[in-house]
Amino acid sequence: MRLQHASIRRLVDSEQGVALIVALMAVLLLSALGMGLMLTTTTETLITNNYRDSVEATYAADAAIERVVQDLLTVPDWNDVISGVKKSAFVYGATSGALPGGGDIDLAKATNMLNCGTASDCSIAAMNAWTAERPWTDNNPRWQLYAYGLVTEMIETGTVSSPMYVVVWVADDQAENDNDPTKDGGLANNPGKGVIALRAESFGPNGAHKVIEVTVAKTDATGLERGYTGQR
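Numbering of the sequence shown is given in our numbering, commencing with residue 25 and proceeding in unit increments.
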């Protein structure tokens, strides 16, 4: 009888050990499923936020273009714009510092990067040099800082709620053939006559960054009277 009881006790102990292992495996499985669900939810949230920021950044850059076009209408001589003499009325804050959406910016260095690919001051030779991004050599655009600030400052009513920061540069357009990027072409056979280039960049949370480049052409007084303010 004692041997039989001992065998039964060993069998029960063995079954209890198996039950414990099964329970632990079930806990691990449920934990893995829970962690997977949590990671999926977090990833989907990040994707959604990044998509939202990307779309908002695109709209912000486009809004910046539309904003500065209104200022260009008030400038009779666009040479004052592409030479840097005239600035947009949309200029807010310092030209360097922290961005509301994170990170920081230095507009002087950013301008140099556009003109010669380095953050330091650009020489004329460097700005005229051929590169894949700037293949027009002597007619390479020389970007001038024209407008910058928070999107919330575009409308004085304060009805815009956005963390986006926008910058607009202006330059003689790439269709010029006069080899003088500091002046708008004046000859009739110059395809770039009466046309300038605008480059808008927007910066937002989570590294959101969009760039829009357009060319803007002047319209005559008759077009203005009809409500046609410009073409881009």
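By construction, the Cβ of each residue, glycine as well, lies at the ideal position given by its N, Cα and C atoms. As the structure is a computational prediction, the values presented were derived from the model and not from experiment.
Using the three-state DSSP reduction, which class does residue i fall into: helix, strand or coil?
i, result
"Leu48", "helix"
"Lys133", "helix"
"Arg223", "strand"
"Val99", "coil"
"Glu80", "helix"
"Glu180", "coil"
"Tyr172", "strand"
"Thr239", "strand"
"Val258", "Residue 258 lies beyond the residue range present for the chain, which begins at 25 and ends at 256; the question has no answer from this structure."
"Ser120", "strand"
"Asp128", "strand"
When burial is assigned at 16 or more other CB atoms within 10 Å of the CB, is residue i buried or exposed?
i, result
"Gly121", "exposed"
"Tyr170", "buried"
"Trp193", "buried"
"Ser144", "exposed"
"Arg223", "buried"
"Trp154", "exposed"
"Pro159", "exposed"
What's the C-alpha gap between residue i and residue j?
i, j, result
"Glu200", "Pro165", "9 Å"
"Thr142", "Asn136", "6 Å"
"Val105", "Gly60", "56 Å"
"Arg250", "Asn103", "Model confidence at Arg250 stands at a pLDDT of 44, short of 50, so the residue's coordinates are unreliable and nothing is read from them."
Within the 8 Å Cβ cut-off, does residue i reach chain B?
i, result
"Asn136", "No chain B appears in this structure, which consists of one protein chain only."
Residues in the same chain with beta-carbon distance under 6 Å from residue i, minus the five sequence neighbours each way, listed in chain order, please.
i, result
"Asp95", "Ser112 and Ala113"
"Ala43", "none"
Look at the Cβ atom of residue i, then the Cβ atom of residue j, and state whether they are nearer than 8 Å.
i, j, result
"Thr82", "Lys207", "no"
"Ala132", "Ser226", "no"
"Asn163", "Pro100", "no"
"Ala232", "Gln198", "no"
So, at 7 Å on beta carbons, what are the nonlocal neighbours of residue i in its own chain, with the 5 sequence-adjacent residues on each side left out?
i, result
"Gly126", "Pro229"
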